[in-house]
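Chains as they are written, first to last, in the numbering used here: chain E, 1129 to 1287; chain V, 1129 to 1287. Scroll down for the structure; my scribbles are underneath it.
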DNA sequence: CTACCTGCAAAAAGTTTGCAGGACA
DNA sequence: TGTCCTGCAAACTTTTTGCAGGTAG
């Protein structure tokens, strides 16, 4: 099922409901965020937007404001905290999923598990709780990290 | 299997491995934390410890230092972020579990699900990932929050 | 004209750190 | 004596906010 409306358009629709406009700054911000499917944190995004050489820069404070709006619009979602920063990912046009997070390499491996969702629903129901969403971070070691010393930046590499 | 060693003693053992001592301040901090099974954030804990009328107060910075140490010792664990503060809970003498978090009341309902753990193991294995732990926060509405008592402030009213 | 917007600088809030004086082995 | 420790204040980081000027309809 294809995404019928672009994130930018979706954002505009959301803004309308609040009597707000899709300004150039807002457009630039959404487009930068949806230019790829990478996770991001606001600071980094702001740096990227501030570095634009053409007249397309957006101030840090505005980036924070726009990211907050995009989250309220349901375009993006907070997935974790990394190095004291909130990490975001696309929520629009991207199915919900969870993450395996490697403590060694920082890798984020995405996975989907309907079974998991089902269990949560059931457990929640047992507690009279209505699920609206969840955030799951599984910590451990990725295959990559466990590879027996292969070009990995380990101080223990024999010199 | 019963907890053979008290948290305080456990903390002492950990400190020894780093050539550190269980000072009065450290002892007071661990004891305060394990005085009940409630979740806590450092700021609140620090306030409690600063308010002690007897000569048992501990400065905020030390509380931060001690809490960090206790986490490294495996006595406590970070479970979520609430109101911009890290929230901790006991990890020692308390079986691992996850939480249903009410977005309305802030309630934290604990639950355990071996099935969930099993699924995570399986999914992880499929990705060559070795699980060491996880953090799961399920958001939604608790029964309490859904009780149809007098007008709860909701933007969705009469839309 | 009347919102809505933006960038800047300053402010918040949580957390960390440098430092001088103490304490303990 | 030589570490380890603590409290205090200052520093830091990320994020938010006040404000003055700008812009669109």
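Cβ atoms here follow ideal geometry from the backbone N, Cα and C, with glycine treated the same way. This structure is a prediction, so every number in the text was calculated from the model and none was measured.
Cβ closer than 9 Å: which chain E residues qualify as neighbours of residue i?
i                      : result
residue 1267 (chain V) : 1259, 1260, 1261, 1262 and 1263
residue 1270 (chain V) : 1255, 1256, 1257 and 1258
residue 1209 (chain V) : 1209 and 1214
My assumption, with CB atoms under 8 Å, is that residue i sits in contact with residue j. Please give the rounded CB distance.
i                      : j                      : result
residue 1220 (chain V) : residue 1138 (chain V) : 6 Å
residue 1159 (chain E) : residue 1173 (chain E) : Actually they do not touch by this definition, with Cβ atoms about 12 Å apart.
residue 1143 (chain V) : residue 1257 (chain E) : Residue 1143 (chain V) to residue 1257 (chain E), Cβ: 40 Å. No contact.
residue 1231 (chain E) : residue 1209 (chain V) : The Cβ separation is near 19 Å, so there is no contact.
residue 1216 (chain V) : residue 1204 (chain V) : 5 Å
residue 1145 (chain V) : residue 1194 (chain V) : Actually they do not touch by this definition, with Cβ atoms about 16 Å apart.
residue 1292 (chain E) : residue 1240 (chain E) : Nothing in the structure corresponds to residue 1292 (chain E), since chain E is present only between 1129 and 1287.
residue 1189 (chain V) : residue 1153 (chain V) : Contact flag wrong, Cβ pair sits at about 11 Å.
Taking 8 Å as the threshold (C-beta atoms), are residue j and residue i in contact?
i                      : j                      : result
residue 1263 (chain V) : residue 1265 (chain E) : yes
residue 1135 (chain V) : residue 1162 (chain V) : yes
residue 1237 (chain V) : residue 1187 (chain V) : no
residue 1200 (chain E) : residue 1206 (chain E) : no
residue 1267 (chain E) : residue 1202 (chain V) : no
residue 1170 (chain V) : residue 1214 (chain V) : yes
residue 1233 (chain E) : residue 1179 (chain E) : no
residue 1177 (chain E) : residue 1244 (chain V) : no
Can you pull the chain E neighbours of residue i, defined as C-beta to C-beta under 7 Å?
i                      : result
residue 1251 (chain V) : 1239 and 1241
Just to make sure I have the definition right: I need the residues of chain V whose C-beta is within less than 7 Å of the C-beta of residue i. Which are they?
i                      : result
residue 1255 (chain E) : 1228, 1237 and 1239
residue 1155 (chain E) : Those do not exist, as residue 1155 (chain E) stays about 26 Å from chain V at its closest Cβ, beyond 7 Å.
residue 1274 (chain E) : 1258
Which partner residues of residue i appear in the DSSP bridge assignment?
i                      : result
residue 1206 (chain V) : V:1216
residue 1226 (chain E) : E:1239
In chain V, which residues lie less than 9 Å from residue i when you measure between Cβ atoms?
i                      : result
residue 1247 (chain E) : 1241, 1243, 1244 and 1247
Quick one: which chain E residues come within Cβ less than 8 Å of residue i?
i                      : result
residue 1193 (chain V) : Chain E residues near residue 1193 (chain V): none, gap ~17 Å exceeds 8 Å.
query = Going along the chain, which unbroken runs of the alpha helix (DSSP H) with 4 or more residues stay wholly within the region 1233–1272 of chain E?
reply = 1242–1254
Complete beta strand (DSSP E) runs within the region 1140–1181 of chain E (minimum length 3 residues, chain order)
none
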